[in-house]
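Sequential numbering from 113 applies to the sequence shown in my numbering.
Just so it is clear, CB atoms sit at the ideal spot from N, CA and C, and this is done for glycine as well.
In this text, all values refer to a predicted model and were calculated from it rather than measured experimentally.
Have a look at the structure below before the remarks.
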Amino acid sequence: MKYVYVFFASVVLSVINCFLGSGYIYIGSLYGFKLSILSALILYLVFTFIVLKKSKQSNASWLLLVILLGCLILDLPVHILDFKNTLMSLLDLPCRWLAIIVAYFCYRWQNYMMRLFSLVILYLIFAFWLTFEGFDLWVHKLNFGTFTGKVIEDVAENDIMFTNELGEKQSINQLHGEYIVLDFWFTGCRICFDTMPNFQKLYNLSNSNKVGLFSVCCYNEKQGEDYLTGRKVLSERGYDFPVLSINIKDSLLQNLGVSAMPMVLIFNSERKLIFRGSLEYAEDFMKDFKCKI
Numbered sequence: 113m114k115y116v117y118v119f120f121a122s123v124v125l126s127v128i129n130c131f132l133g134s135g136y137i138y139i140g141s142l143y144g145f146k147l148s149i150l151s152a153l154i155l156y157l158v159f160t161f162i163v164l165k166k167s168k169q170s171n172a173s174w175l176l177l178v179i180l181l182g183c184l185i186l187d188l189p190v191h192i193l194d195f196k197n198t199l200m201s202l203l204d205l206p207c208r209w210l211a212i213i214v215a216y217f218c219y220r221w222q223n224y225m226m227r228l229f230s231l232v233i234l235y236l237i238f239a240f241w242l243t244f245e246g247f248d249l250w251v252h253k254l255n256f257g258t259f260t261g262k263v264i265e266d267v268a269e270n271d272i273m274f275t276n277e278l279g280e281k282q283s284i285n286q287l288h289g290e291y292i293v294l295d296f297w298f299t300g301c302r303i304c305f306d307t308m309p310n311f312q313k314l315y316n317l318s319n320s321n322k323v324g325l326f327s328v329c330c331y332n333e334k335q336g337e338d339y340l341t342g343r344k345v346l347s348e349r350g351y352d353f354p355v356l357s358i359n360i361k362d363s364l365l366q367n368l369g370v371s372a373m374p375m376v377l378i379f380n381s382e383r384k385l386i387f388r389g390s391l392e393y394a395e396d397f398m399k400d401f402k403c404k405i
């Protein structure tokens with residue numbers, strides 16, 4: 113009967129963990145999947161250790177198996193049935209497994225204080241790293257294909273054409289700047305607008321002879337948009353960085369790997385693509401190559 117109680121307690125803990133990751137609960141700056149990851153690493157560690165501690169007469173292997181089944185029974189089928197669309201939250205499961213395993217070793221080593229202390233410290237360091245940095249790397253990989261954004265890709269620069277604010281076609285070779293930074297967005301993207309104040313600051317601080325920053329509006333003709341839409345929308349919000357435009361259905365976007373927005377692409381002086389990722393990561397990347405210029 114004890115195993116049944118432990119199983120249902122593990123299921124309840126899984127539900128609590130999912131609720132914490134729903135985005136409705138905030139703990140400081142922690143919310144959503146980050147809160148879910150940290151809570152999984154802590155809650156299942158404490159829960160498993162207490163169960164093992166209070167059930168010394170029971171088989172530890174069976175207890176671990178029951179706890180593991182409880183934490184999987186609701187989430188695993190969802191990931192199996194809709195794997196691609198649940199990749200963002202996939203880290204939850206291995207975090208729970210890790211917490212259960214570490215709790216077992218904490219239980220086994222409770223009389224070896226140095227081992228126990230070292231294990232707990234390393235575990236906490238990993239837990240906070242995964243929450244505050246590791247998860248961001250995971251999301252960046254899912255959205256942009258790389259953990260850091262760094263790439264080296266040869267592109268047919270003559271085929272990279274945009275429409276400028278005068279309605280004229282302009283290739284990437286005609287853009288001014290040794291390095292070219294392109295920020296892709298579309299009007300229905302709320303997150304895109306959230307990053308624009310930082311892009312404006314970056315534009316204000318940039319040396320136009322070295323770095324050319326351009327906002328690229330991906331307009332949708334079905335919604336009555338055209339090459340003028342980007343400039344109009346940005347001017348209404350007080351932004352003055354230069355705007356290029358491209359039809360959101362243009363195959364060039366796919367060729368450049370623009371599969372999610374906002375997305376920043378950086379080209380070097382040879383017009384090789386050297387970065388694909390978020391604006392936040394692009395800023396760090398630009399600090400590196402600015403030092404070399």
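query, result
"Suppose only complete runs of 3+ residues qualify. What are the beta strand (DSSP E) ranges in the stretch 299-382, listed by chain order?", "323-331, 355-359, 375-379"
"Ignoring anything shorter than 3 residues, give me the beta strand (DSSP E) runs that lie fully in the stretch 115-156, in order along the chain.", "none"
"Measure from the alpha carbon of residue 359 to the alpha carbon of each residue in 336, 204, 393, then state which is nearest.", "336"
"Rounded to a whole number of angstroms, what is the C-alpha to C-alpha distance between residue 239 and residue 338?", "47 Å"
"By DSSP, does residue 264 sit in helix, in strand, or in coil?", "strand"
"Take residue 219 and list the residues in its own chain whose beta-carbon comes closer than 7 Å to its own, dropping the five residues that flank it on each side.", "161, 164, 165"
"Can you name the start and end residues of the beta strand (DSSP E) that residue 230 belongs to?", "No beta strand (DSSP E) holds residue 230; the alpha helix (DSSP H) holding it covers 225-241."
"Measure the alpha-carbon distance for residue 382 versus residue 255 and round it to whole angstroms.", "26 Å"
"Which value, in whole angstroms, describes the spacing of the CA atoms of residue 202 and residue 188?", "9 Å"
"Measure the C-alpha to C-alpha separation of residue 329 and residue 354 and round it to an integer number of angstroms.", "11 Å"
"Let me know the secondary structure DSSP gives residue 398 once reduced to three states.", "helix"
"According to DSSP, is residue 410 part of a helix, a strand, or is it coil?", "Residue 410 lies beyond the range of the chain shown here (113 to 405); nothing can be said about it."
"Would you call the stretch 235-250 and the stretch 356-371 touching, i.e. three or more CB-CB distances under 8 Å?", "no"
"Determine the direct distance from the alpha carbon of residue 217 to that of residue 405, and round the result to whole angstroms.", "For residue 405, the predicted structure reports a pLDDT of 42, less than 50, and the residue's modelled location is therefore unreliable. A value from the coordinates is still provided. Straight-line Cα distance between these residues: approximately 51 Å."
"In terms of DSSP beta bridges, what is residue 214 paired with?", "Note: residue 214 sits in no beta bridge, so no partner."
"With a threshold of 8 Å on Cβ separation, who are the neighbours of residue 131 within its own chain once the five nearest residues in sequence on each side are excluded?", "137"
"Spatial neighbours of residue 374 within its chain, please: CB distance less than 8 Å, with the 5 preceding and 5 following residues excluded, ordered by chain position.", "295, 296, 297, 301, 303, 304, 307, 390, 391"
"Anyone know if the C-beta pair for residue 115 and residue 158 falls short of 8 Å?", "no"
"On the criterion of 16 or more Cβ atoms from any shown chain inside 10 Å, does residue 129 qualify as buried, or is it exposed?", "buried"
"Please list the terminal residues of the continuous alpha helix (DSSP H) segment that includes residue 192.", "187-193"
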